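These protein sequence lines are chains A and B, in that order.
Counting in the numbering used here, the first sequence runs from 1 upward without gaps.
Counting in the numbering used here, the second sequence runs from 1001 upward without gaps.
Protein chains: 2
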Amino acid sequence: MTTEATKLKQARDEFVSQWGALGTQWGINRTMAQIHALLMTAPQPMTTDEVMEDLEISRGNAHTNLKELVAWGLIRVVVKKGERREFFEAEKDVWQIFTIVARERKRREIEPALAILHKYAEESREIDSTEGKAFHEQMRQLEEFVGFASKMADRVSSLKYGFAVQLATKLLG
Amino acid sequence: MTTEATKLKQARDEFVSQWGALGTQWGINRTMAQIHALLMTAPQPMTTDEVMEDLEISRGNAHTNLKELVAWGLIRVVVKKGERREFFEAEKDVWQIFTIVARERKRREIEPALAILHKYAEESREIDSTEGKAFHEQMRQLEEFVGFASKMADRVSSLKYGFAVQLATKLLG
DNA sequence: CACTGTTTTCAGTTAATTCTGAAAAATCGA
DNA sequence: TCGATTTTTCAGAATTAACTGAAAACAGTG
């Protein structure tokens, strides 16, 4: 192998490993982040067995996390002619990745929060005491803000990348 | 106790408990989220002992998470005249809470990611092979995007709430 | 300085999450 | 339908994260 090829392989390996460690911070498990990094930097779609071998993980682990990534929409199943096995390839477009992650985070983090805030804002609506009013007001303000943020996330996600950049640059640059 | 007071107490307890469960999704531990919810809805600053009792947790746990919340800036230490104990009170302003959480997430999630992307974009800069160029390009695009997002987060966080709403509404409403 | 109340630390325990590996189920060609 | 290959499931093992409780350190008070 050439020096260049070795260098690339090593850089890629390190990237995959470090991206995996980062995943923990992001609240997604290490393996999932590693597989994502691996496929994002793979020149070709990969099979479950190749992923297992590259990351030295079990079949069950590889399988579960590949399917989870497919569910997120961060990777796709690719079928090749004359091949029974499934191949996986990552979405590589950064804006696409961003909107997918944003959508998923909204679903898992924002929406449940909103539901809780709404529930307790409602339940405390009629309480007359000073403390009751304060509680209600706090719930209401949080609900209003989170609802607003949620809507903004939708709007931004639905923009085309170029337009989002243009907009942001014009306004805040 | 009046019916209203019972109702409020129950609503608040439930809110604290459910907010804690949500915390897990957000990548912060349950206790920390519970304490935050408790203090956000507390009519008065609370002591460590009161927090321990309310949530039925150990002194060590209460202490660690109170200090962590102080480090984030989501709660403050309050000293009362003639009292040796520390009291804690939460920041209740939603925009303040948002900017604090945004800053912390940026520090813990965005910046390390940016550092990694930058490192491997640099390391692969000179690799001439097709695969090397593709790897470099992927790193570069991710770095560019994450860097851009990071800057935007700063800009938005530094706005006054009213101005942020006005801006967002005008552009995307 | 000695006493009391309060905060901080941390070794050991418990709980939660993730991973393995093997078995079961599904898929496909002949 | 059978056999070979591939995917899926899941009970138990391993790992990681969170929590307890008690002891040590610290900070005021007389």
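Backbone N, C-alpha and C define an ideal beta-carbon position, used for all residues, glycine too.
Since we're looking at a predicted model, the values are computed, not measured.
### Contact the segment 136 to 153 of chain A vs the segment 113 to 123 of chain A: 3+ CB pairs below 8 Å
yes
### Task
Can you pull the chain B residues whose beta carbon is under 8 Å from the beta carbon of residue 27(A), in chain order?
1025, 1026, 1027
### Task
Excluding the 5 residues preceding and the 5 following residue 1045(B) in the sequence, name in chain order all residues of the same chain whose CB lies nearer than 7 Å to its CB.
1078, 1087, 1088, 1089
### Task
Pull up the CB-CB distance for residue 1008(B) and residue 132(A), whole angstroms please, since I reckon it's below 8 Å.
5 Å
### Query
Is residue 85(A) helix, strand or coil by DSSP?
coil
### Task
Report the three-state DSSP secondary structure of residue 125(A) (helix, strand or coil).
coil
### Query
Taking the alpha-carbon positions, what's the residue 1169(B) to residue 167(A) distance?
13 Å
### Three-pair Cβ contact test at 8 Å for the segment 1151 to 1168 of chain B versus the segment 21 to 35 of chain A
no
### Message
Under 9 Å, Cβ to Cβ, is there at least one residue of chain B near residue 92(A)?
### Response
yes
### Query
From which residue to which residue does the beta strand (DSSP E) around residue 1075(B) run?
1075 to 1079
### Beta-carbon neighbours of residue 1157(B), restricted to chain A and to distances below 9 Å
Those within 9 Å of residue 1157(B) in chain A number zero; the least Cβ separation is about 11 Å.
### Query
Opposite residue 1(A) in the DSSP bridges: which residues?
Answer by DSSP bridge pairing: none, since residue 1(A) is not bridged.
### Task
Please report how far the alpha carbon of residue 10(A) lies from the alpha carbon of residue 16(A), in whole angstroms.
10 Å
#### Entry: is_contact[residue 138(A), chain B] using C-beta, thresh 9 Å
yes
### Query
Would you say residue 98(A) and residue 157(A) are within 9 Å of each other, going by their C-beta atoms?
yes
### Query
When you compare each of 1126(B), 1043(B), 1130(B), 1109(B) to residue 1146(B) by their alpha carbons, which one comes out closest?
1109(B)
### Message
Taking a contact to mean a Cβ-Cβ separation below 9 Å, would you say residue 1022(B) touches residue 113(A) in this structure?
### Response
yes
### Message
Is it buried or exposed, residue 1018(B), if we count other Cβ atoms within 10 angstroms and call 16 or more buried?
### Response
buried
### Query
Shorter than 9 Å from the beta carbon of residue 12(A) to some beta carbon of chain B?
yes
### Query
Hey, is residue 165(A)'s beta-carbon within less than 9 Å of any beta-carbon in chain B?
yes
### Task
Look at residue 1101(B) and residue 1161(B) and say whether their C-beta atoms are less than 9 Å apart.
no
### Task
Measure the C-alpha to C-alpha separation of residue 85(A) and residue 1068(B) and round it to an integer number of angstroms.
48 Å
### Message
Let me check one thing: in DSSP terms, what residues is residue 1090(B) bridge-paired to?
### Response
1075(B)
### Task
Can you pull the chain A residues whose beta carbon is under 7 Å from the beta carbon of residue 1124(B), in chain order?
8, 11
### Residue-chain proximity (residue 1071(B), chain A), Cβ-Cβ < 9 Å
no
### Query
Mind checking whether residue 1143(B) and residue 1171(B) have CB atoms under 9 Å apart?
no
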